[in-house]
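Trainee: Handing you this structure, nothing more for now.
Number of protein chains: 2
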Amino acid sequence: MMSEALRGHLDALILAVLETEPLHGYAVMEALQVSSGGALDLPTGSLYPALRRLDRAGLVESEWSTVGGRRRRTYQLTSAGRRALASERTKWRDFSTMVEGVLRPGSAPA
Amino acid sequence: MMSEALRGHLDALILAVLETEPLHGYAVMEALQVSSGGALDLPTGSLYPALRRLDRAGLVESEWSTVGGRRRRTYQLTSAGRRALASERTKWRDFSTMVEGVLRPGSAPA
DNA sequence: CACGATAGATAGATTGGCTACATGTAGGTG
DNA sequence: CACCTACATGTAGCCAATCTATCTATCGTG
Numbered sequence: 392m393m394s395e396a397l398r399g400h401l402d403a404l405i406l407a408v409l410e411t412e413p414l415h416g417y418a419v420m421e422a423l424q425v426s427s428g429g430a431l432d433l434p435t436g437s438l439y440p441a442l443r444r445l446d447r448a449g450l451v452e453s454e455w456s457t458v459g460g461r462r463r464r465t466y467q468l469t470s471a472g473r474r475a476l477a478s479e480r481t482k483w484r485d486f487s488t489m490v491e492g493v494l495r496p497g498s499a500p501a
Numbered sequence: 392m393m394s395e396a397l398r399g400h401l402d403a404l405i406l407a408v409l410e411t412e413p414l415h416g417y418a419v420m421e422a423l424q425v426s427s428g429g430a431l432d433l434p435t436g437s438l439y440p441a442l443r444r445l446d447r448a449g450l451v452e453s454e455w456s457t458v459g460g461r462r463r464r465t466y467q468l469t470s471a472g473r474r475a476l477a478s479e480r481t482k483w484r485d486f487s488t489m490v491e492g493v494l495r496p497g498s499a500p501a
């Protein structure tokens, strides 16, 4: 859907929904759906690799549990993850300000 | 720099700087630098393929000329290009609203 | 029992921006 | 003159991240 547009921003979004509380993968998916107002319907083939990437990068930690017979892997932010989130927020501001500025109509030539 | 982040948004930015007047490739590069406040320093290996892509897609038209002994390929928006630009602006609004909403801190759990 | 929701995961394709390379002109400076 | 920088256009190949499609498995409901 917004496949290409999302590039490079997904990690920030995932970190953001994990900020308030630890969540397992499926719950991250749902949280993103909710907080995006339904606009973000992340396929599992995008989400799970992304979570593992964040894990490998040390931005989240994971822990296995079993709830109602179903295995869950719950992720929570590390302190590095919190720092990364803050940095991602700044980067997003800069990026969106930049795009906004270029996209804004006007600046007619002489 | 913002390599990954740019994905899927570059075409919109190029269309935007071509909105007010036709420009040749190198001038597009400079226009993007200026209107992004210097944040966007597009390598030629990104720009020229992008322009050809837009050309093939029928969103811009190009014409060769020679100015001061240097060959120039000047691009201008087609009507399809103008429509595409409008659509890209809407998509950007939606996208940035979505990201903004997810990234915004708060929505603390019970 | 079948099916949808819950829960996790991987393989492979796609894609688009980047690096590095390749070519050539014009103009200024040592 | 030699050299460098700015101007000007382009391609080949790499890479990273997302998507599609597929797989496994449990639980509740009709």
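Quick note, the sequences are listed as chains A and B, same order.
Using the numbering used here, the first residue of the first sequence is number 392, and each one after it goes up by one.
Using the numbering used here, the first residue of the second sequence is number 392, and each one after it goes up by one.
Every residue gets a Cβ at the ideal spot worked out from N, C-alpha and C, and that includes glycine.
Remember, predicted model here, so these are calculated numbers, not experimental data.
Shorter than 8 Å from the beta carbon of A:Gly399 to some beta carbon of chain B?
Mentor: With 8 Å as the cut-off, A:Gly399 counts as an interface residue toward chain B.
Trainee: Taking DSSP as the reference, what is the three-state secondary structure of B:Thr488?
Mentor: B:Thr488: helix per DSSP, three-state reduction.
Trainee: Comparing alpha-carbon positions, which option in A:Pro496, A:Gly416 and A:Ile405 lies nearest A:Gly472?
Mentor: The shortest Cα separation from A:Gly472 among A:Pro496, A:Gly416 and A:Ile405 belongs to A:Ile405.
Trainee: In terms of alpha-carbon separation, which member of A:Trp483, A:Leu401, A:Ser487 and A:Thr457 lies closest to A:Leu445?
Mentor: Closest option to A:Leu445, Cα to Cα, is A:Leu401.
Trainee: Could you tell me the boundaries of the beta strand (DSSP E) in which B:Leu468 lies?
Mentor: Element bounds for B:Leu468: Arg461 to Leu468.
Trainee: With H, G and I counted as helix, E and B as strand and the rest as coil, what does DSSP make of A:Ala426?
Mentor: The sequence shown places Ser at residue 426 of chain A, not Ala. Three-state DSSP puts A:Ser426 in a helix.
Trainee: Answer with yes or no whether the minimum CB distance from A:Leu404 to chain B is below 8 Å.
Mentor: Closer than 8 Å to some Cβ of chain B, the Cβ of A:Leu404 qualifies, so yes.
Trainee: Determine the DSSP secondary structure at B:Thr457, reduced to helix, strand or coil.
Mentor: Three-state result, B:Thr457: strand.
Trainee: Pairs of beta-carbons, one from the segment 448-460 of chain B and one from the segment 426-437 of chain B, closer than 8 Å: are there three or more?
Mentor: Judged by Cβ distances under 8 Å, the segment 448-460 of chain B makes no contact with the segment 426-437 of chain B, as fewer than three pairs qualify.
Trainee: Determine which residues of the segment 451-472 of chain A have a Cβ less than 8 Å from any Cβ of chain B, and write them out in chain order.
Mentor: Flagged: no residues at all.
Trainee: Compare the C-alpha of B:Gly399 against each of B:Gly492, B:Pro496, B:Leu476 and B:Val425 and name the closest.
Mentor: Minimum Cα distance to B:Gly399 is reached at B:Leu476.
Trainee: Is DSSP giving A:Leu414 helix, strand or coil here?
Mentor: Looking at A:Leu414 - three-state DSSP - the assignment turns out to be strand.
Trainee: Starting from the beta carbon of A:Glu395, find every residue of chain B whose beta carbon is closer than 8 Å, and list them in chain order.
Mentor: Those are Arg398 and Gly399, listed as they occur along chain B.
Trainee: Closest to A:Arg484 by CA distance: which of B:Glu491, B:Pro413 and B:Arg480 is it?
Mentor: Minimum Cα distance to A:Arg484 is reached at B:Glu491.
Trainee: What residues from chain A crowd round B:Asp485, counting only those whose CB sits closer than 9 Å?
Mentor: By Cβ distance, chain A contributes Met393 and Ala430.
Trainee: Which same chain residues end up closer than 7 Å to A:Tyr417 when comparing Cβ atoms and leaving out the 5 residues on each side of it in sequence?
Mentor: Result list for A:Tyr417: empty, nothing under 7 Å.
Trainee: Taking CB distances under 8 Å as the criterion, tell me whether A:Val419 reaches chain B.
Mentor: No, no contact with chain B.
Trainee: Could you check how far apart the C-beta atoms of B:His415 and B:Thr465 are, in whole angstroms? I think they sit under 8 Å.
Mentor: Their Cβ separation, rounded to whole angstroms, is 5 Å, which keeps B:His415 and B:Thr465 in contact under 8 Å.
Trainee: Mind reading off the beta-carbon distance from A:Ala407 to B:Val451? Whole number of angstroms is fine, and I expect it under 8 Å.
Mentor: No, A:Ala407 and B:Val451 are not in contact; Cβ-Cβ is about 36 Å, not under 8 Å.
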